[in-house]
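Colleague: Going by numbering that gives the first Met the number 0, 48 is the number at position 49 of the sequence shown; the sequence numbering is gapless. Handing you this structure, nothing more for now.
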Amino acid sequence: MTLRHTQRGFSLIEVLVTLVLLTVGMLGLVAMQGRGIQFTSDSVARNNAVMLATEIMEKIRANPDARDDYMINSLEAEGVCGDAAIPANNVARQLTCWSEKVRMLMPGTAGDDADAAVVRNAFYICRSQVPGACAAGSTVEVQVAWRSNGEACSNGADPFVCTLRLRGEL
């Protein structure tokens, strides 16, 4: 009988230890789920950036005589495309429609705040001989930018602004 009295409460301690371990495991699962969502969001933004850069590069290739009209220093802050068909020679309207699509698809590009302006100013389409430097040349470089929630883009002045560059010889 004395043996039973010395082990009183031992089952309760086992249950409490089990609950602590289970709670730590569940917190780990929640953290992994959060990182997975963050990586998925970043992957979607990167895929959209590739699609948008390729789209404008193909528009430039389709209209090589107006190549220099496509060159921009930053993304338009506003502008509406509309539903009407866009003529191949209307470069300004093509850029307006492309800018509207960018503002819809890329995180951090829409709005009038300073953060959106920083992202829009990271956009450019230019002639370039060296990656990242706009100058004369036959290569066209398109840089698309977006605001990231993660730490994946810490190579610029703003660690949360990611960029993608696409270069093409015309």
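Just so it is clear, CB atoms sit at the ideal spot from N, CA and C, and this is done for glycine as well. On a predicted model such as this, the values are computed, not experimentally measured, just so you know.
From this set, Ala48, Val14, Ala132, which residue's C-alpha is nearest Ser98's C-alpha?
Modeller: When only C-alpha atoms are compared, the closest one is Ala48.
Colleague: What is the DSSP secondary structure of Gln128, counted as helix, strand or coil?
Modeller: Coil.
Colleague: Measure from the alpha carbon of Lys100 to the alpha carbon of each residue in Asp157, Leu51, Ala115, Leu21, then state which is nearest.
Modeller: For the residues Asp157, Leu51, Ala115, Leu21, the minimum Cα distance to Lys100 belongs to Leu51.
Colleague: State the Cα-Cα distance for the pair Asn148 and Leu11, rounded to the nearest angstrom.
Modeller: Distance between the alpha carbons of Asn148 and Leu11 is about 43 Å.
Colleague: With 16 other CB atoms within 10 Å as the buried threshold, where does Leu15 fall?
Modeller: Exposed.
Colleague: Tell me which residue opens and which closes the alpha helix (DSSP H) that Thr138 is part of.
Modeller: Here Thr138 belongs to no alpha helix (DSSP H); instead the beta strand (DSSP E) covers 138-146.
Colleague: Between Met56 and the rest of its own chain, which residues show a CB-CB distance below 8 Å, the 5 nearest in sequence each way excluded?
Modeller: So the qualifying residues of the chain are Val139, Val141, Leu165, Gly167.
Colleague: Tell me the residue span of the beta strand (DSSP E) that contains Val160.
Modeller: Here the beta strand (DSSP E) through Val160 covers 160-168.
Colleague: Measure the C-alpha to C-alpha separation of Ala156 and Thr162 and round it to an integer number of angstroms.
Modeller: Roughly 12 Å between the two C-alpha positions.
Colleague: Taking 8 Å as the cut-off, decide whether the C-beta atoms of Tyr69 and Ile59 are in contact.
Modeller: Cβ atoms of Tyr69 and Ile59: closer than 8 Å.
Colleague: Which residues in the same chain have their Cβ closer than 7 Å to the Cβ of Cys96, if we skip the five residues on either side of it in sequence?
Modeller: So the list reads Cys80, Ile85, once near-sequence residues are dropped.
Colleague: Specify the secondary structure class of Ile71 as computed by DSSP and reduced to three states.
Modeller: Strand.
Colleague: Considering Cα atoms alone, identify which of Val117, Asp112, Ala135 is closest to Trp145.
Modeller: The shortest Cα separation from Trp145 among Val117, Asp112, Ala135 belongs to Val117.
Colleague: Please go through the same chain and pick out, in chain order, the residues whose beta-carbon is closer than 8 Å to the beta-carbon of Asp114, but skip the five residues on each side of it.
Modeller: Correct list, in chain order: Gly107, Arg146.
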